[in-house]
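As you go down the protein sequences, you meet chains A and B in turn. Going by our numbering, the letters in the first sequence line up with residues 14 to 311, in that order. Going by our numbering, the letters in the second sequence line up with residues 256 to 613, in that order. Note that CB positions come from ideal geometry on N, CA and C, so glycine has one too. All figures in this text were calculated on a predicted structure; none of them were measured in a lab.
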Amino acid sequence: MISFFFEVLIGGLLSGVMYSLVALGFVLIYKASGVFNFAQGSLVFFAALTFVGLTEHGLSFGVALVATLAVMIVLGLLIERLVLRPLVNQPQISLFMATIGLSFFIEGLAQLLWGANVRGLELGIQDEPIKWLSDVAGINVSKFDLVAAGIAAVLVAGLGLFFSRTRIGRALRAVADDHQAALAVGIPLQQIWGIVWAVAGFVALVAGMLWGARNGVQFALTFVALKALPVLILGGFESIPGAIVGGLIIGATEKLAEVFLGPYVGGGIEGWFPYVLALLFLLVRPEGLFGEKIIRRI
Amino acid sequence: MLYREAGQFKSTYAADAAILPIRQDRIGLALILVVAFVVIPLTATPYLFSAILIPCLILALAALGLNILTGYAGQLSLGTAAFMAVGAFASYNFLLRIPGIPLLLAFAGGGVMAAAVGILFGLPSLRIRGFYLAVATLAAQFFILWFLTKVGWVTNYNSSGVITARGMVIAGYAFDSPQEKYLLVLTIVTLLALAAKNMTRGNIGRQWMAIRDMDVAAEVIGIRPVRAKLLAFAVSSFYCGVAGALYAYAYLGTVEPEAYNLDLSFRILFMIIIGGIGTILGAFLGSAFIVVMPIVLTIVVHFLDDTLHLSVASSVASNVELMVFGGLIIFFLIVEPHGLARIWQITKEKLRLWPFPH
Chain A
14 MISFFFEVLI GGLLSGVMYS LVALGFVLIY KASGVFNFAQ GSLVFFAALT FVGLTEHGLS
74 FGVALVATLA VMIVLGLLIE RLVLRPLVNQ PQISLFMATI GLSFFIEGLA QLLWGANVRG
134 LELGIQDEPI KWLSDVAGIN VSKFDLVAAG IAAVLVAGLG LFFSRTRIGR ALRAVADDHQ
194 AALAVGIPLQ QIWGIVWAVA GFVALVAGML WGARNGVQFA LTFVALKALP VLILGGFESI
254 PGAIVGGLII GATEKLAEVF LGPYVGGGIE GWFPYVLALL FLLVRPEGLF GEKIIRRI
Chain B
256 MLYREAGQFK STYAADAAIL PIRQDRIGLA LILVVAFVVI PLTATPYLFS AILIPCLILA
316 LAALGLNILT GYAGQLSLGT AAFMAVGAFA SYNFLLRIPG IPLLLAFAGG GVMAAAVGIL
376 FGLPSLRIRG FYLAVATLAA QFFILWFLTK VGWVTNYNSS GVITARGMVI AGYAFDSPQE
436 KYLLVLTIVT LLALAAKNMT RGNIGRQWMA IRDMDVAAEV IGIRPVRAKL LAFAVSSFYC
496 GVAGALYAYA YLGTVEPEAY NLDLSFRILF MIIIGGIGTI LGAFLGSAFI VVMPIVLTIV
556 VHFLDDTLHL SVASSVASNV ELMVFGGLII FFLIVEPHGL ARIWQITKEK LRLWPFPH
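Below, the structure written as structure tokens:
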């Protein structure tokens, strides 16, 4: 019983890392430009589909990866230039709606280019339990999940270093803090936004590869974004550590609730449980775990 | 020359506080109502009724509801479709379990149920705001649909989950043909739109707008934010609930949870953004735009297909439609962020000066 509990818990934590990966893309863009980018899920879908499509055309793994990365960066830059820049200074809700429109556009484009069939994506990592762990502790932990968690950790560490140690990273944080002050000290705002969107495209690629390998490359990948939203409000929109911790909490509680609570209420509670959990949490801390403290009365 | 209010003097307070103080507006609205109530029912085809006019009106009602919440009270919601679902299922249960209940009372009851649920899910708005609130309303969307699917009592233990809606009978008269359904929907929507117009320009509406623009200042001048916000949620959900009941009974002919998915919530949000946020007119313009545009796109694609002999695969066509839809939304947001209602405002300004440029 206890080992089963831990198995569910670990499985949940690891799938939570996958949510964090998607949530990261949201956080990056929200931090830098205050845009709640609903199209992140579509970007994930687009990246995975492009990669699979390119390998189907005979490109090797490495070449396809580089090509997809290039495509995603160009796509990110184009979005910034064509959609976000003309909408500067509009209310947040307009920007949000624009990204919903964008998600329709990207989904249509992806399926137009590569077709709508469900495909598999092979990363060369087996989705099977690690043998010695199940022998020693009696807990089944998928090798794939562990690798995904490792990749996420590397990604977060890399982004952390990028944000804190590089010139561009510091400029990014300045922009996130105060657009006008950043402009005043000579930070090229639009260049920075372009970089942020390119990085978000890159994060979408990583998430798309992992999710695609896990669930197959199909339209349902776009719904991954919906999984990432409770992670975001739990962790706070502006915080990278928040995205990670929120992902872990959501992943773990969601799986535990589904396994131990689900049978009593008819199952299928995975769809809304994270939202209700995040909602209850917000009642206590309205800005999420690590979000910027909102200093105003409501 | 045609649209000029010069010389129209008001001698009573009532005339000054009229909904449409300008004579041309009154004539225009009267014309629109005559066309909607008399000309269209006499001339339109059944296809036009059931594919365009009825969904247009029903979704405009839902958009009105969302506009009260988002446009006037400033609380962003992504759970509109769920509140519609509550209205539809509550109406269904009223009709099922209370024998002889009048149809309109059942619809109103559906609205009241939706309002109660709306207040419940509006409670977080007292603590959280902005996108946090928007995501929180998604909880309503997912939870309510799950609830309606899983709890058998709500669907009367229907095994398929798709319930055939009963015919609409009011005082012994059955509204069966598309034409009759249209007239019923039109009457309800017109009355509720009038109520919304009056609410938003009166005391309550001004409270909502004050809360939207600056809640601290609103509190200082004596508006109770708790009451105003929850009232906005209640009224908005009532409108959505009635719209949901109509959507099931007058448009779909079935009561099923799947019809009220997140996609519908987004479409209604699109309507108020494209129509013009915080305007009654915008709800109708936006609804017409969102309902008609996919149909026009399909026709255009088919037309191009036939004339140019491209033999476009249907999957390609649907993807192109998706792209054009998304692209047009972005285009509209960039070109006219205040929506179609704003374009109408600008037109009126121009008409006032016409034929002179200034």
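- For B:T392, the CB contacts under 7 Å within the same chain, skipping 5 residues up- and downstream, are S332, L333, G334 and F376 in chain order.
- Within the segment 580-594 of chain B, the residues whose Cβ lies closer than 7 Å to some Cβ of chain A are F580, G581, G582, I584, I585, L588, I589 and P592, listed in chain order.
- Per the coordinates, the alpha-carbon of A:V79 lies some 15 Å from the alpha-carbon of A:H70.
- Cβ-Cβ distances below 7 Å link A:A111 to V96 and L100 in the same chain, with the five nearest sequence neighbours on each side left out; the list follows chain order.
- Interface with chain B (8 Å Cβ-Cβ cutoff): A:P299 is included.
- Every alpha helix (DSSP H) stretch that sits fully inside the segment 267-293 of chain A and reaches 4 residues is listed by chain position as 275-278.
- Sequence-distant Cβ neighbours of B:Q279 in its own chain, meaning closer than 6 Å and more than five residues away, are Y258.
- Contacts between B:N516 and chain A, judged by CB atoms closer than 9 Å, are missing: the closest CB pair is about 11 Å apart.
- Interface residue (Cβ-Cβ distance to chain B less than 8 Å): A:L269 is not classified as such.
- Judged by beta-carbon spacing, B:A538 lies within the 8 Å limit of B:M526, meaning their Cβ atoms are closer than that value.
- Taking every protein chain shown into account, the CB of A:D158 has 16 or more other CB atoms within 10 angstroms, so this residue is buried.
- Only exposed fits A:E135, as fewer than 16 other CB atoms lie within 10 angstroms of its CB.
- Comparing C-alpha distances from B:I374 to each of B:V481, B:T442, B:A426 and B:M469 shows the shortest one belongs to B:V481.
- Under the 8 Å Cβ criterion, the segment 289-306 of chain B does not count as touching the segment 489-499 of chain B, having fewer than three qualifying pairs.
- Proximity to B:I535 across B:I353, B:V444 and B:Y504 peaks at B:V444, based on C-alpha coordinates.
- By alpha-carbon distance to B:A420, the top candidate from B:M469, B:G366, B:L507 and B:V406 is B:L507.
- Taking the C-beta atoms as reference points, A:V230 is found no nearer than 8 Å to A:A83.
- Here A:T81 is buried: its Cβ has 16 or more other Cβ atoms, across all protein chains shown, within 10 Å.
- For the pair of segments examined, the segment 23-33 of chain A was found to touch the segment 258-267 of chain A: the number of CB pairs separated by less than 8 Å reaches three.
- Around the beta-carbon of B:Q396, 16 or more other beta-carbon atoms lie within 10 Å, marking it buried.
- Contact annotation: A:F109 and A:F51 have beta-carbon atoms nearer than 8 Å.
- Residue-level contact by beta carbon fails for B:N413 and chain A, as no gap is shorter than 8 Å.
- For a Cβ distance threshold of 8 Å, residue set L577, M578, F580, G581 and I584 of chain B lies close to A:F117, ordered along the chain.
- Nearest to A:G38 by C-alpha distance, out of A:E271, A:W210 and A:A291, is A:W210.
- In the three-state scheme derived from DSSP, where H, G and I count as helix and E and B as strand, B:Y494 is classed as helix.
- In the DSSP assignment, B:Y268 falls within the alpha helix (DSSP H) that extends over Y268 to D271.
- In this structure, DSSP gives A:R132 an extended state, which the three-state scheme calls strand.
- For the alpha helix (DSSP H) assignment, the uninterrupted runs of no fewer than 4 residues enclosed by the segment 370-417 of chain B are, from N- to C-terminal side, 385-405.
- Looking at the DSSP output, B:T419 bridges to B:T509.
- The criterion of a C-beta distance shorter than 8 Å is not satisfied by B:R607 and B:G531.
- Cβ contact annotation for B:M454 (same chain, cutoff 6 Å, sequence separation greater than five): G460, in chain order.
- Residue range I15 to S46 is occupied by the alpha helix (DSSP H) that includes A:Y43.
- Listed as beta-bridge partners of B:F349 by DSSP are no residues whatsoever.
- For B:A272, the closest Cβ of chain A is not nearer than 8 Å.
- In this structure A:A265 is in contact with A:L22, their Cβ atoms being roughly 6 Å apart against a cut-off of 8 Å.
- At least one C-beta of chain B is nearer than 8 Å to the C-beta of A:V289.
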